[in-house]
Every structure is written in structure tokens, then in C-alpha cells.
Amino acid sequence: MPELPEVETIRRDLERCLLGRTIASVRVLRASVLQCSPRRLKRALAGATVAGVRRHGKVLLLDFDTDQSLLIHLRMTGQLLVCGDSAERRFTRVIFHLADGGRLAYADCRALGRLEFVRSDRAGASNSLANLGPDALTEAGLDRLLVVASRRRTPIKCLLLDQSVLAGIGNIYASEILNLARLAPDRPANSLSSSELSALRRATHRVLTAAIDARGTTLRDFRTGTGEPGRYASRLRVYGREGKRCLRRGCRGTILRQLQRQRSTFWCAECQR
DNA sequence: GATAATGTTCGATC
DNA sequence: AGATCGAACATTAT
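When the letters of the first sequence are read in order and numbered with our numbering, they come out as residues -16 to 256.
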């Protein structure tokens, strides 16, 4: 579920709630979400203090004072929740007990998410990060989007989802960005004019920052690091609105759903060309 | 019971 | 070499 705005929302919550706090013990309820053995995780984290919380694309990095970092990818249904000692949740897979009370819980209904240990100074070299392009919120990311788009004829929607081009955009925001930029999702990336490319650049930045301001999109599963839903769902212009009226002022179009690479794309054929 | 779901990865095939 | 596609992973809600 989580794309860049959701992961950034969680990052901010964890930074605020966990920085400087120490992990007392770790309980693993589902070892398959770990890339290392449960015992290595427990040994490495017992007594470790959180020294920083970073994000690259959809990947979260918890830095500890031990020169090790925990790399977390939430995939489809992962959640990270800072909570008190009570309230057991149904899909909790890993619990990090904090030395001063309370805990950080990793919950994941489908258990597709992954937690992985990396050395902090080599975080960028870990295989989970090495294949990622620059973060979609950075100038370098937006620059790279335009450069790669001009060279490839893959549909522009598919390019936006390609994490090796730029990291962070997922299926919801790809549709939203193309709607704001007024571009049809099946347009070959290298067919975009320079004015269309700058519209794409502006739309990417605007959609992501607006979604972060609203603390992410909750359709079903997403919760912030403190357990609240995000508020951006009510501002979605196309995603999940198949058959409904286009919201663009003066546009009489109807929102369509179309499959691209086995994933739904929502768009308005009237105002997106 | 079939279908779809905010994601990535692997292997096969151009 | 690079691009592209389908299947796989695991589980729930409709």
C-alpha cells in the first residue's frame, strides 16, 4: 500500500517518536518477513539506540548507534506502529520492545514486506537500494525522469512505476500525476514534447507534496506511524473512480480503468491526451 | 468461488 | 545489453 508519501509520513512519525530511544528486546512472530535469522535480529538490536530515520523512495532505514541499519520495505500491506504495551493487533509480525516502555510493531496482513539488516555506511550498496533510481522528491529524481523518458518508448505510466528510474511512485500516484499533467497513460514516454515533460515534472512534485501534507492516502490498510488514517483519499481525482465524472472543471469526461502490465490505471480520455 | 488489492522479483523471451 | 511480460509471493475483502 505505501508509496512515497505514506512512507515519508511514517518516517516523520518514527523520527519524532523513536529518535534517541533504545530497543530492549525483539519478538518475531513471522520469520518469513526477515531477510536474516530472528536470532541475528534480536542480538543486533538488543540495547541499540535509534540514531536516525531515513527514507529513499518507498524504503525506510532505521539507523542505530551500532553502525547498523534496519532496512524496511512495507510492500503491499506492511504497517509500522508506535504504540503502548497493550493492544495486540491481528497481523503483527515483529515487535520491538522499547527500554522505556511501549513498542514499535511491524504488522503485515499479506506478509510480503521485508526487514533486512545493512551496515549503515554501506546502506546504499545493499541490493535492496542499489537498484533504485534517485528519490522522486529530489531534483535529481525529476531530472532523471525527463532524461530517461526521452530515450524510452515504454508507456509513460509504466516509466513512472519503474523504481530503477526514480524511486517512490506507485500505482495510485502514477494515475494522479498523469491526470494533473493531462497526459494519457499509454503515451510512449519518448513522444512527450518538452512542454509536456515540464508539465509531468511539475505534476509529480505537486501530487507527492500535497499527499505528504495530507499524511498519505488511506483506502483500506494504510496507517501513519501513530495509527491514524491519511487524509488524501478524498482528494484523489482519478484513482478508484472508474465510471464517475471527471473532476476537471469544464470536462464532461468519465473516468476509465485500463490494465497496463497487469495493474489498473485510471484516467480521463477527454482531458488527458 | 472468482477477482482485485497502495509492490517487488525472478525467469523466459524477445 | 536492454526491454518486456507473466508468474510467484501471501492473505483478505467483496
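All residues carry an ideal CB built from backbone N, CA and C; glycine is no exception.
Does DSSP classify residue i as helix, strand or coil?
i, result
"C0", "helix"
"N122", "The sequence shown places Glu at residue 122, rather than the Asn named in the question. E122 falls in the helix class under three-state DSSP."
"E(-14)", "coil"
"L242", "strand"
"S177", "helix"
"C251", "strand"
"S103", "helix"
Going straight from the alpha carbon of residue i to that of residue j, what length do you get?
i, j, result
"G208", "I78", "14 Å"
"R58", "G151", "12 Å"
"R224", "E159", "11 Å"
"F74", "L202", "18 Å"
"A90", "S177", "44 Å"
"S20", "S109", "17 Å"
"R284", "R72", "This structure cannot settle anything about residue 284, because the visible part of the chain is limited to -16 through 256."
"D145", "Q243", "13 Å"
"A123", "A157", "18 Å"
"L161", "R135", "17 Å"
"D196", "P138", "29 Å"
"V11", "V(-10)", "22 Å"
"L166", "R220", "14 Å"
"Q241", "L230", "18 Å"
Could you say which of the options lies nearest to residue i if we only look at CA atoms?
i, options, result
"L129", "R76, S15, R185", "R185"
"A113", "T237, K140, L54", "L54"
"D126", "H188, G153, L161", "H188"
"S147", "L175, P117, A132", "P117"
"A40", "R97, H56, R218, I155", "What sits at residue 40 in the sequence shown is Gly, not Ala. The shortest Cα separation from G40 among R97, H56, R218, I155 belongs to H56."
"L95", "R76, G85, L87", "R76"
"V65", "S181, A216, C234, G210", "G210"
"Q255", "G85, G213, A216, E179", "E179"
"G43", "L219, C141, R97, L143", "Note that residue 43 corresponds to Leu in the displayed sequence, not to Gly. Among L219, C141, R97, L143, the Cα nearest to that of L43 is on R97."
"L(-3)", "S15, F249, A7, D46", "D46"
"E99", "A88, L142, Q51, L(-13)", "Q51"
Within 10 Å of its beta-carbon, does residue i have 16 or more other beta-carbons around it, so buried, or fewer, so exposed?
i, result
"Q245", "exposed"
"G3", "exposed"
"C251", "buried"
"T200", "buried"
"R257", "There is simply no residue 257 to check, as the chain begins at -16 and stops at 256 in what is shown."
"G61", "buried"
"G226", "exposed"
"R235", "exposed"
"G84", "exposed"
"D204", "buried"
"G67", "exposed"
"P171", "exposed"
Pop quiz: residue i and residue j are said to be a contact at Cβ under 8 Å. What is the actual Cβ separation, rounded to whole angstroms?
i, j, result
"L63", "I(-7)", "5 Å"
"T5", "G30", "7 Å"
"A194", "Y215", "5 Å"
"P(-12)", "L142", "The pair is not a contact, with the Cβ atoms about 19 Å apart (cut-off 8 Å)."
"P212", "R206", "6 Å"
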